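The sequence shown begins at 25 in my numbering and counts up by one. From the three backbone atoms N, C-alpha and C, an ideal C-beta is built for every residue, glycine too. Source: prediction; values computed, not measured.
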Amino acid sequence: MKLIWMSDLHFQHSGEILGHDPQLRLDAAIDYINQHHSDASYCVISGDLAETATARNYADLADRLDQLAITCLPMVGNHDDRDLLRAQFQVPDSCMDGFLQYSVDTPAGLILCLDTLKPGASEGEFCAERARWLTNTLDAAQDKAVLLFLHHPPMPLGLPMQDSARLEHGARFLEIIEGRANVRHLCVGHVHRSVTGTIRGVPFTALRSVLYQASPPQPEWDWNSFTPSAEAPELAVVAFEQDSVTIQPLQFCPYDVGTSCRGQS
């Protein structure tokens, strides 16, 4: 089955963010998906749907995403608010009470969308209640293939600034998935850079943002000197089958669409 994966929209109803227009960038992504990938089963959005979690931002975002030809699976990031987001977006009946964490059963296997929000913090958390849900869901899946999405990476990615705000106690999370051969891939957002690898024997991919990209770690930078990198926005096309996962990051519009910022090249 085909999925579309987007991350880090940082949507707001008006104005620019760091020289980038979230409305124009999202509109370009929606146009691209509808033109080329309307046969996908779902569009997973792995957190930071809004730049600032307000009812107005989520309402306007929901109106725009209603133009998508495929069903959205929204997730929370550190910029999001669970209650405000759930007020505007439908989530599956499998969603946990108190968290935006749920499973979607498909012919290819289970899609698990996790909630790593720690309210008021940039870093993420995965509390005992969410961990029990994940453990029980993986146990019940038995040999069924599982594709895992979460906003915060549970391990360092060699990105010093972003690594300081990864998932707290990520090793505990990794212990849950370690040794489970049916966990096919771990998909993370948050870092605004493309990184791939394996951790505890599980392949992972971090995806670039729909809005703006973080600069590479060299030359060194910090948040006081941060300027987005002059790299184009991306989404990914995911082929999910029982025995394989293929992820193709794609540039959906030219860099100069929706930006007045030259950025760091």
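*Cα separation between LEU210 and SER249?*
Their Cα atoms are separated by approximately 31 Å.
*Let me know the secondary structure DSSP gives GLU258 once reduced to three states.*
strand
*Alpha carbon to alpha carbon, what distance is there between TRP247 and LEU42?*
12 Å
*Secondary structure at THR76, three-state DSSP: helix, strand or coil?*
In the three-state DSSP reduction, THR76 falls in the coil class, being neither helix nor strand.
*Count the other C-beta atoms from every protein chain shown that fall within 10 angstroms of the C-beta of ARG154, then say buried if there are 16 or more, exposed otherwise.*
buried
*Using CA coordinates, which residue listed in GLY203, TRP157, GLY101 is at the minimum distance from ASP121?*
Between ASP121 and the set GLY203, TRP157, GLY101, the nearest pair of CA atoms involves TRP157.
*Any C-beta of chain D sitting closer than 8 Å to the C-beta of GLY203?*
The structure shown contains no chain D, having only a single protein chain.
*Count the C-beta pairs between the segment 38–53 and the segment 174–194 that are closer than 8 Å, then say yes if the count reaches three, no if not.*
no
_Tell me whether the segment 71–81 and the segment 94–114 touch, counting them as touching only if at least three CB pairs, one residue from each stretch, are closer than 8 Å._
Result yes; three or more Cβ-Cβ pairs closer than 8 Å.
_Distance between ARG88 and LEU50 (C-alpha atoms, nearest Å)_ = 8 Å
*In angstroms, rounded to a whole number, what distance separates the CA positions of MET30 and MET99?*
11 Å
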